[in-house]
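Read the structure below first, then the notes.
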Amino acid sequence: MGTVPQGLEMLRNYRALADGEAARARGPEKPKWGTTILFLAPAGVLLLVFLIYPAIYTVLLSFNRGRNGVFGEWVGLDNYARLFADPDFVNFSTFPPSGALWNNLLWLVFYVSIVIFFGLILAVVAARVRYEAVLKAIVFIPMAIAATALAVIWKFVYSPDNIGLLNAILGVFGIGPVSWLGDQGIVNFALIAVGIWGSVGFATIILSAAVKSIPAEVIESARVEGANERQIFFRMILPMVSLPVSVLAVTLVVNVIKLFDLIFVMTSGGPGTASQVIAFTMYQQAFGAGQWGYGAAVAVVMLVLLTPIMIFNVRRFRSGSVT
Amino acid sequence: MTVLAEGMAGSRPRTPAGRAVAALNRTAIHVFLALIGLIWLVPTLGLLVTSFRPRADIQATGWWEISNLHLTLDNYRQVLEAQGMLQAFVNTVFITVPSTLLPLGICAMAAYAFSWMRFPFRDSLFLIVVGLLMVPVQVAFIPVLTGMRELLPDLQLLRGFGAVWLAHTAFALPFGIFLLRNFFITLPPDMIEAARIDGASDVRIFRMIVVPVSVPAIAAYGIFQFLWVWNDLLMALVFVQDSTKYPMTRAIQSLLSQYGTEWHLLAAGAFLLMIVPLVVFFSLQRYFVQGLLAGSIK
Numbered sequence: 228m229g230t231v232p233q234g235l236e237m238l239r240n241y242r243a244l245a246d247g248e249a250a251r252a253r254g255p256e257k258p259k260w261g262t263t264i265l266f267l268a269p270a271g272v273l274l275l276v277f278l279i280y281p282a283i284y285t286v287l288l289s290f291n292r293g294r295n296g297v298f299g300e301w302v303g304l305d306n307y308a309r310l311f312a313d314p315d316f317v318n319f320s321t322f323p324p325s326g327a328l329w330n331n332l333l334w335l336v337f338y339v340s341i342v343i344f345f346g347l348i349l350a351v352v353a354a355r356v357r358y359e360a361v362l363k364a365i366v367f368i369p370m371a372i373a374a375t376a377l378a379v380i381w382k383f384v385y386s387p388d389n390i391g392l393l394n395a396i397l398g399v400f401g402i403g404p405v406s407w408l409g410d411q412g413i414v415n416f417a418l419i420a421v422g423i424w425g426s427v428g429f430a431t432i433i434l435s436a437a438v439k440s441i442p443a444e445v446i447e448s449a450r451v452e453g454a455n456e457r458q459i460f461f462r463m464i465l466p467m468v469s470l471p472v473s474v475l476a477v478t479l480v481v482n483v484i485k486l487f488d489l490i491f492v493m494t495s496g497g498p499g500t501a502s503q504v505i506a507f508t509m510y511q512q513a514f515g516a517g518q519w520g521y522g523a524a525v526a527v528v529m530l531v532l533l534t535p536i537m538i539f540n541v542r543r544f545r546s547g548s549v550t
Numbered sequence: 004m005t006v007l008a009e010g011m012a013g014s015r016p017r018t019p020a021g022r023a024v025a026a027l028n029r030t031a032i033h034v035f036l037a038l039i040g041l042i043w044l045v046p047t048l049g050l051l052v053t054s055f056r057p058r059a060d061i062q063a064t065g066w067w068e069i070s071n072l073h074l075t076l077d078n079y080r081q082v083l084e085a086q087g088m089l090q091a092f093v094n095t096v097f098i099t100v101p102s103t104l105l106p107l108g109i110c111a112m113a114a115y116a117f118s119w120m121r122f123p124f125r126d127s128l129f130l131i132v133v134g135l136l137m138v139p140v141q142v143a144f145i146p147v148l149t150g151m152r153e154l155l156p157d158l159q160l161l162r163g164f165g166a167v168w169l170a171h172t173a174f175a176l177p178f179g180i181f182l183l184r185n186f187f188i189t190l191p192p193d194m195i196e197a198a199r200i201d202g203a204s205d206v207r208i209f210r211m212i213v214v215p216v217s218v219p220a221i222a223a224y225g226i227f228q229f230l231w232v233w234n235d236l237l238m239a240l241v242f243v244q245d246s247t248k249y250p251m252t253r254a255i256q257s258l259l260s261q262y263g264t265e266w267h268l269l270a271a272g273a274f275l276l277m278i279v280p281l282v283v284f285f286s287l288q289r290y291f292v293q294g295l296l297a298g299s300i301k
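Residue numbers (the working numbering), protein chains in the order written: chain A, 228 to 550; chain B, 4 to 301.
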C-alpha cells in the first residue's frame, strides 16, 4: 500500500520534460532516411489509415445521407439541422432542459466539480493521518475496474427491491424505495454519483502530489507567524494546486465528452432517452439505427467539442511546458 | 468541509481548551475518513459476498444480513460453463495481449525517432501527434468499419480478432508515442552521443540503450494499455462482430440486458472481469498508478 505516493514520480517527471528540449537538439547531422522510415512507418501508416483519413471521411460523410457508410446523396447541413432539432439530442423547450447534450452538460457541471472538490479535501485531510496510503489505495481501486463492472456493482446498490443497499438504508429512515435508475429526474444524478465514485481516487492521487510539494517548513513558518488553518488552506494550498487542478479539470472534461461504457451498461440511455449522452447517441444512431450520416454528424460534434482542448494542448506543448 | 480543513494536526495548541478542540477535530477527521473508506469499499464487497451466495438467498435477503449466510461456488461454475464466461475470459486475453504488445513496440520506435533522430518537420509531425490525442475514436468508426467490409472483405477482419487488434493498436498510438517520447528525451544525451561516436547504429542504440534504460516507463505504459484494453467495452462492441469472440465486458453487458436481476450470475461475472485488474493493482501497484497517472490525459 505504501507505494501509491511513489507513483507520482512520473507526474513529477513531466515537469522535467521541458529541460529535455535543449538536449534533444543533438543528433546526427544528416537525416538517415532508411532508418527514419523504419522507425516511423508502422506508426505513420496506422495513424493515417485508422485515424487521420477516417476523421476527414467522417466529416465529409456528415454532409451526406451516408447509407451503409458510403457516399451517396449530399444533404449539406441537413444532418446537423435534424440533430439539433431532435429533442433527444438537445431540448430547451422543457424545464429542466433534456437531451444527450444537456446530460453531458449536467455531467460537466456536477461530475467535474465534485470530483475535484472531494479529491482536494481527501488529499489535504488524508495527509494528516497515518493510514493515508491505505485510504488512498481504497479510494483508488475503482480506477482499476472496468466501467462495465462498476455498472454491475452500482446497479446492485441501486436495486429498487429489498436487496438494494441504498434503498435498504433509506428504508431504515422510512424513506423510499426510490427507483434510482428508473426515474427520469433522478437517473442522471444517480449515474453521475457512480462516475464520481470511480474518479475521486484519481483526483486524490494527483492533487495529493501537489499538496505535498508545498514544503512543510513553509506551512510551519506560516503557523508560527499566526496564520490559522483556514488561511493556510485558502492562501497557500489552494494557489499551489491551481495548475494541477486545471490539468485535472481538462482530463475530467475529456472523460465527460467521451463517456460511454457506464451509460451503455447501466441504463442504455434510459428510462426512455433520459440518460443518453453524446457518445451514446453516436453509437446508437450509427450502429443501432443505421443512420450513418447522422451518426457521423454526432461524431463531428464530439470532435468539435474536443477541439478547444486539442488547441490548448498543442499551444501548451509549443510553449515548452508539457503535460 | 472547511471545519475539517482547519484545526487539523500539526498546529500544537498550548491551552487545555485548545487541545480539547484539536482532539475533537481529530475525531471528526477520523470519522469522516472512515465514512469515505466505507463508501468506497462496501459496494464492491457487497457484490463480492453476493457472488458466493445461492440464488434463492440473494433474492430473499440483502447480502448484509449475515444471519442468512451460506456460501457456494455454484454461481461461478454456472457463469463460466453455462453462460460461456470461460470462453469470454479467453477471448479477453486474446484481444488484450496483442493489443498491448503491438502498440508498445510501435510507439517505442516512433518515440525514439521523435526524440533522437533528425529529419525534416520532426517537431511539426510531433505536434500533429499531440493534436491527435484529442481526436475521439468515434470519428474513425464508420470509415474503418466500412473499409474493412467493402475494401478488404476477404480478410474477414471483423469475424476474427484482427479488426479489434488493429483498432486498439492504432487508437493507442498518439498517447503512447507522446508518453514514451516525453520519457526518452529525458535520457542523458551524452549516453546516446557516446554510442554514436562508437559507431552504433540507431537500431542498436534503440535496442541496446534506450529500451533497456526505459523499462520503468515502458512498463507503466504497458500496464496502462493492458488495463485499458482489458476493461474496454466500446471497441469490442464495434469491432468484434462474431458472438463466439466476445470479450468479458461484452458478455456481461449482454447478461445484464438478458437477465437484469439474476444477480448471482452478474456478480460472479463481474468479479471474473475484475480479478485480473485487481491482481495487477495489488501486485504492481507502483507501475499501475504511474501508468494511470500518465494516462490521465488520454
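All C-beta atoms, glycine included, are put in the ideal place defined by N, C-alpha and C. Just so you know, these numbers come straight off a predicted model, no measurement behind them.
**Request:** State the DSSP-derived secondary structure class of Ser548/A, mapped to helix, strand or coil.
**Result:** Here residue 548/A is taken as the residue at index 321 of the first sequence, counted from 1. Any reading at Ser548/A must be qualified, since the residue scores a pLDDT of 49, below 50, and its modelled position is unreliable; no value is offered.
**Request:** Tell me whether the beta-carbon of Trp381/A lies closer than 9 Å to the beta-carbon of Met493/A.
**Result:** The residue labelled residue 381/A in the question sits at position 154 within the first sequence. The residue labelled residue 493/A in the question sits at position 266 within the first sequence. The answer is yes: Cβ separation under 9 Å.
**For Trp231/B, the three-state DSSP class (helix, strand or coil)** = Taking the second sequence and counting its residues from 1, one reaches residue 231/B at position 228. Correct three-state label for Trp231/B: helix.
**Prompt:** Excluding the five sequence neighbours on either side, which residues of its own chain have a C-beta within less than 7 Å of the C-beta of Val132/B, listed in chain order?
**Reply:** Sequence index remark: in the second sequence, residue 132/B carries index 129 (1-based). Within the same chain, Val132/B has close Cβ partners Pro177, Ile180, Phe181.
**Message:** Would Asn169/A and Val302/A qualify as a contact pair, given that the criterion is a beta-carbon distance under 9 Å?
**Reply:** No statement about residue 169/A is possible, as the shown extent of chain A runs from 228 to 550 and does not include it.
**Prompt:** Is Trp168/B helix, strand or coil by DSSP?
**Reply:** Start at 1 with the first residue of the second sequence, and residue 168/B comes out as number 165. DSSP places Trp168/B in helix when its eight states are reduced to three.
**Request:** Measure the Cβ-Cβ separation of Gln86/B and Arg162/B and say whether it is below 9 Å.
**Result:** Residue mapping note: residue 86/B aligns to position 83 of the second sequence, counting from 1. Residue mapping note: residue 162/B aligns to position 159 of the second sequence, counting from 1. The answer is no: Cβ separation not under 9 Å.
**Request:** With DSSP collapsed to three states, give me the class of Asn455/A.
**Result:** Within the first sequence, numbered from 1, the residue matching residue 455/A stands at position 228. DSSP places Asn455/A in coil when its eight states are reduced to three.
**Message:** Our contact map puts Ala113/B next to Ile221/B with C-beta atoms below 8 Å; I'd like the distance itself, whole angstroms only.
**Reply:** Here residue 113/B is taken as the residue at index 110 of the second sequence, counted from 1. Here residue 221/B is taken as the residue at index 218 of the second sequence, counted from 1. At roughly 13 Å, the Cβ-Cβ gap does not stay under 8 Å, so Ala113/B and Ile221/B are not in contact.
**Request:** Enumerate in chain order the residues of its own chain whose CB-to-CB distance from Val421/A is below 8 Å, with the five nearest sequence positions on each side excluded.
**Result:** Residue numbering aside, residue 421/A sits at position 194 when the first sequence is read from its first letter. Counting only Cβ-Cβ distances below 8 Å, and skipping sequence neighbours, we find Leu377, Ala378, Trp381, Leu489, Met493.
**Bridge-paired residues (DSSP) for Trp301/A** = The sequence position of residue 301/A within the first sequence is 74, counting from 1. Beta-bridge pairing links Trp301/A to Asn291/A.
**Request:** Could you list the residues in the region 168-187 of chain B with a C-beta less than 8 Å from some C-beta on chain A, going in chain order?
**Result:** Leu169, Ala170, Thr172, Ala173, Phe174, Leu176, Pro177, Ile180, Asn185, Phe186
**Request:** Could you tell me whether the region 142-154 of chain B touches the region 200-217 of chain B, where touching means 3 or more Cβ pairs closer than 8 Å?
**Result:** no
**Request:** Use the C-beta contact count for Tyr290/B: other C-beta atoms within 10 angstroms, 16 or more gives buried, fewer gives exposed.
**Result:** Position 287 of the second sequence, counted from the start, is the residue given in the question as residue 290/B. Burial call: buried.
**Request:** Give me the Cα-Cα distance between Leu332/A and Gly522/A, rounded to the nearest whole angstrom.
**Result:** For this step, residue 332/A is matched to residue 105 along the first sequence. For this step, residue 522/A is matched to residue 295 along the first sequence. Spanning the two alpha carbons is a distance of roughly 20 Å.
**Request:** Quick one: give me the first and last residue of the alpha helix (DSSP H) that Lys363/A is part of.
**Result:** Looking up residue 363/A in the first sequence gives position 136. Start and end: 359-367.
**Asked** If we ignore side chains and look at the alpha-carbon of each, how far apart do Ala327/A and Glu265/B end up?
**Response** Translated into the one-based positions of the first sequence, residue 327/A becomes position 100. Translated into the one-based positions of the second sequence, residue 265/B becomes position 262. In a straight line, the C-alpha of Ala327/A is about 29 Å away from that of Glu265/B.
**Interface partners of Phe400/A on chain B, CB under 9 Å** = Within the first sequence, residue 400/A is the residue found at index 173, counting from 1. What Phe400/A touches in chain B: nothing, since even the nearest Cβ is about 16 Å away.
**Message:** Is Lys382/A close to chain B? Criterion is C-beta to C-beta, closer than 9 Å.
**Reply:** As a first step, residue 382/A must be located in the first sequence, where it is residue number 155. Chain B contact via Cβ: present.
**Item:** Of the residues Thr30/B, Val138/B, Met120/B, Phe35/B, the one placed nearest Val208/B, counting alpha carbons only
**Value:** Looking up residue 208/B in the second sequence gives position 205. Residue identity differs from the one stated: residue 208/B is Ile in this sequence, not Val. For Ile208/B, the nearest C-alpha among the options comes from Met120/B.
**Message:** Count Cβ pairs between the region 387-399 of chain A and the region 307-320 of chain A that sit closer than 8 Å; are there 3 or more?
**Reply:** no
**Request:** Please report the residue range of the alpha helix (DSSP H) in which Ala25/B lies.
**Result:** One-based indexing of the second sequence puts residue 25/B at position 22. 19-54 is the span of the alpha helix (DSSP H), which, as asked, contains Ala25/B.
**Request:** Under 8 Å by Cβ, that's how I've got Gln256/B and Thr508/A pegged, so tell me the actual separation to the nearest angstrom.
**Result:** Working through the second sequence from its first residue, we reach residue 256/B at position 253. Working through the first sequence from its first residue, we reach residue 508/A at position 281. Contact flag wrong, Cβ pair sits at about 18 Å.
**Asked** Beta carbon of Thr431/A, beta carbon of Phe487/A: below 9 Å?
**Response** What you label residue 431/A is simply residue 204 of the first sequence in a count that begins at 1. What you label residue 487/A is simply residue 260 of the first sequence in a count that begins at 1. Result no, Cβ atoms of Thr431/A and Phe487/A do not sit closer than 9 Å.
**Message:** Using C-beta distances below 7 Å, list every residue in its chain close to Met88/B, excluding the 5 sequence neighbours before and after it, in chain order.
**Reply:** Numbered from its first residue, the second sequence carries residue 88/B at position 85. Once the five neighbours on either side are set aside, the close Cβ partners of Met88/B are Val82, Met251, Ala254, Gly272, Leu275.
**Contacting residues, own chain, Cβ-Cβ under 6 Å from Pro185/A (five flanking each side not counted)** = Residue 185/A lies beyond the residue range present for chain A, which begins at 228 and ends at 550; the question has no answer from this structure.
**Own chain partners of Gly496/A with C-beta closer than 6 Å, once the 5 adjacent residues on each side are dropped** = Here residue 496/A corresponds to residue number 269 of the first sequence, with the count starting at 1. These residues qualify, in order along the chain: Ser502, Gln503, Phe507.
**Asked** Is the CB-CB distance between His171/B and Pro123/B below 9 Å?
**Response** For this step, residue 171/B is matched to residue 168 along the second sequence. For this step, residue 123/B is matched to residue 120 along the second sequence. Cβ atoms of His171/B and Pro123/B: not closer than 9 Å.
**Request:** Going by CA-CA distance only, name the one from Thr500/A, Ile390/A, Ala516/A, Glu359/A that's closest to Ser325/A.
**Result:** As a first step, residue 325/A is located in the first sequence; it is residue number 98 there, counting from the start. The candidate whose alpha carbon is nearest that of Ser325/A is Thr500/A.
**Item:** Whole alpha helix (DSSP H) elements within the region 481-520 of chain A, 4-residue minimum
**Value:** 488-493, 505-510
**Asked** What did DSSP end up calling Asn318/A once you bin it into helix, strand or coil?
**Response** Looking up residue 318/A in the first sequence gives position 91. DSSP places Asn318/A in strand when its eight states are reduced to three.
**Request:** Just mark Pro19/B as buried or exposed, buried being the case when its beta carbon has 16 or more other beta carbons within 10 Å.
**Result:** Numbered from its first residue, the second sequence carries residue 19/B at position 16. Counting Cβ neighbours within 10 Å, Pro19/B comes out exposed, since fewer than 16 surround it.
**Message:** According to DSSP, is Ser608/A part of a helix, a strand, or is it coil?
**Reply:** One cannot answer for residue 608/A here, as it falls past the ends of chain A, which runs 228 to 550.
**Message:** Quick check on the DSSP output: the alpha helix (DSSP H) that includes Trp260/A runs from which residue to which?
**Reply:** Start at 1 with the first residue of the first sequence, and residue 260/A comes out as number 33. Run containing Trp260/A: 260-274, per the alpha helix (DSSP H) assignment.
**Item:** the region 223-237 of chain B: positions lying closer than 9 Å to chain A by Cβ
**Value:** Ala223, Leu230, Trp233, Asn234, Asp235, Leu236, Leu237
**Message:** Residues of the region 505-538 of chain A in Cβ contact with chain B at a cutoff of 8 Å, in chain order, please.
**Reply:** Ala506, Met509, Tyr510, Ala513, Phe514, Trp519, Gly522, Ala523, Val525, Ala526, Val527, Met529, Leu530, Leu533, Thr534, Ile536, Met537
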